[in-house]
Amino acid sequence: MTHCALTPGYPLPCSPAPPLVEVPPAPDLNLFELAREAIDANLAALSPHAKRASDVADRAFIEDFCNWERIEAMRRFIVESPAAAIAAEIGQITETIKSVGTTQSVGRYICAGSKTTAPPYTPGGADAYAGDTAALQREIGPGVQVPLNVDGASVIGDGSTAGSLLATLRQISTDLKANNSTALQGGDLSALDTANAAVTTAQATVGARTDRLSTALTRLQQLQESTTQLLSTTEDADMAQAAVNFSQQQVAYQAALKAGAQIIQPSLMDFLH
């Protein structure tokens with residue numbers, strides 16, 4: 128009976144254990160791709176001592192310490208992959224998120240609150256948020272307004288606000304460089320879940336607003352069609368009927384002229400005058 132070689136002091140006996148699950152070597156494999164393959168291999172053959180961290184199946188590997196040393200991809204990820212390289216990739220992901228935060232629409236920054244003329248973040252610079260939390264409202268009906276934007280502070284945050292996405296990613300990078308496994312497995316994971324929940328909430332909010340605007344657009348189009356139909360019924364002329372009426376009026380007018388000419392006949396005295 129042995130104990131986990133990768134987790135010194137961990138008292139859980141690791142045998143019996145499933146056979147070694149090997150992954151073909153790929154020296155140039157991306158670290159996150161390597162981790163994904165390791166997780167898939169672990170889920171394909173969990174050890175008898177695996178303990179799920181939650182009800183989500185794809186997190187079962189987190190507490191399956193006895194299986195890690197038997198999966199080649201996981202072993203390479205944990206033992207051979209330098210934490211500094213992982214931290215560097217997280218840094219690049221963080222900069223990408225900041226770049227997304229500077230997205231523009233028709234020349235306006237959509238994540239900057241009401242300060243739409245200046246970028247809310249500086250990719251490659253400090254993790255400060257330069258926008259505000261004001262909502263941009265648009266009227267979609269009499270007395271009905273809908274906010275159009277989601278400010279970056281509530282989704283991405285900044286580097287100084289604990290629990291925000293940027294601050295969490297920076298802290299994870301720092302803990303990786305310091306090999307602080309306690310923080311990585313504890314507070315960092317919890318903070319990352321919180322930050323992910325904020326992003327998910329923002330996505331749900333934007334989706335709900337999109338559905339509301341689509342419904343309002345459909346209703347306004349139906350109202351416009353009904354109004355146009357009513358206006359047409361009230362003002363538009365029936366060309367066939369109008370032509371018949373015109374012909375009848377023209378005949379009546381010609382008959383009146385003829386009758387008038389016959390009533391007032393010219394006499395000899397009219398010529399003498």
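Add 127 to the 1-based position in the sequence shown for this note's numbering, that's all there is to it. We treat Cβ as the ideally placed atom computed from N, Cα and C, and that holds for glycine. Please read all numbers here as calculations on a predicted model, not as lab measurements.
What's the C-alpha gap between residue i and residue j?
i, j, result
"residue 313", "residue 319", "10 angstroms"
"residue 252", "residue 267", "39 angstroms"
"residue 113", "residue 164", "The structure shown does not extend to residue 113, since the chain spans only 128 to 400, so no value can be given for it."
"residue 149", "residue 287", "With a pLDDT of only 48 at residue 149, under 50, the local geometry of the prediction cannot be trusted, and the value read off the model is given with reservation. Looking at the two C-alpha atoms, the distance is approximately 42 angstroms."
"residue 295", "residue 236", "24 angstroms"
"residue 336", "residue 258", "22 angstroms"
"residue 263", "residue 241", "7 angstroms"
"residue 160", "residue 342", "41 angstroms"
"residue 383", "residue 364", "27 angstroms"
"residue 285", "residue 224", "11 angstroms"
"residue 234", "residue 330", "22 angstroms"
"residue 347", "residue 360", "20 angstroms"
"residue 200", "residue 172", "13 angstroms"
"residue 306", "residue 298", "12 angstroms"
"residue 388", "residue 378", "16 angstroms"
"residue 381", "residue 374", "11 angstroms"
"residue 356", "residue 339", "26 angstroms"
"residue 230", "residue 245", "11 angstroms"
"residue 366", "residue 345", "33 angstroms"
"residue 385", "residue 362", "35 angstroms"
"residue 243", "residue 328", "22 angstroms"
"residue 352", "residue 270", "22 angstroms"
"residue 186", "residue 218", "Low local confidence applies: a pLDDT of 46 at residue 186 is under 50, so the model's placement there is unreliable, and no value is given."
"residue 354", "residue 216", "58 angstroms"
"residue 349", "residue 358", "14 angstroms"
"residue 232", "residue 308", "42 angstroms"
Looking only at its chain, what residues have a beta carbon closer than 7 angstroms to the beta carbon of residue i, apart from the 5 residues adjacent to it on each side?
i, result
"residue 265", "272, 273 and 275"
"residue 302", "310, 311 and 315"
"residue 222", "250 and 251"
Tell me which same chain residues have a C-beta within less than 6 angstroms of the C-beta of residue i, skipping the five on either side of it?
i, result
"residue 238", "228, 247 and 279"
"residue 255", "285"
"residue 323", "none"
"residue 290", "318 and 321"
"residue 369", "none"
Taking residue i and residue j to be in contact with their CB atoms under 8 angstroms, please state how far apart those CB atoms are, rounded to whole angstroms.
i, j, result
"residue 300", "residue 214", "4 angstroms"
"residue 277", "residue 333", "6 angstroms"
"residue 211", "residue 304", "6 angstroms"
"residue 325", "residue 293", "Actually they are not in contact, since the Cβ atoms of residue 325 and residue 293 sit about 11 angstroms apart, beyond 8 angstroms."
"residue 226", "residue 260", "Not really, about 21 angstroms apart at Cβ, beyond 8 angstroms."
Opposite residue i in the DSSP bridges: which residues?
i, result
"residue 264", "274"
"residue 236", "231"
Looking at residue i and the ligand ADP, is the gap between the Cβ and the nearest heavy atom below 7 angstroms?
i, result
"residue 384", "Judged by which ligands are present, the structure shown has none, so any question about the ligand ADP falls away."
Would a check of beta-carbon distances place residue i closer than 8 angstroms to chain C?
i, result
"residue 300", "Going by chain labels, chain C is absent from the structure shown, which holds only one protein chain."
Cutting at 8 angstroms between CB atoms, please list the residues of its own chain near residue i, excluding the five before and the five after it.
i, result
"residue 220", "296"
Which parts of the stretch 320-386 are runs of the alpha helix (DSSP H), unbroken and 4 residues or longer, counting only runs that do not cross its ends? none
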